[in-house]
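Numbering (UniProt numbering), first residue to last: 1 to 69.
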C-alpha cells in the first residue's frame with residue numbers, strides 16, 4: 001500500500017464518519033434535543049443560585065456567631 005493510497009483511504013474514512021455524524025435529523029428530534037438542552041441550562045442556573053445562597057447564609061451565620069461570642 002502506498003502513501004497516496006493510504007491517504008485516500010483515510011480521507012474516505014473521515015468523509016464517511018462525517019456523513020454518519022451529520023445525518024439529517026427530523027424536526028421532532030431536534031425539538032427534543034433543544035428542550036433537553038434548555039432544561040439542563042435552567043437546572044444548572046438553579047443549582048448555582050442555590051449554592052450562592054447557601055454560601056451567603058453560611059457566611060452570615062458565622063458572622064452572627066462570632067459577634068455573639
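For each residue, glycine too, the CB sits at the ideal point set by N, CA and C.
Cα-Cα separation between residue i and residue j, rounded to whole angstroms
| i | j | result |
| --- | --- | --- |
| residue 59 | residue 28 | 47 Å |
| residue 31 | residue 55 | 36 Å |
| residue 47 | residue 37 | 15 Å |
| residue 57 | residue 49 | 12 Å |
| residue 150 | residue 34 | What the structure shows of the chain is the stretch from 1 to 69, and residue 150 is not part of that stretch, so it cannot be assessed. |
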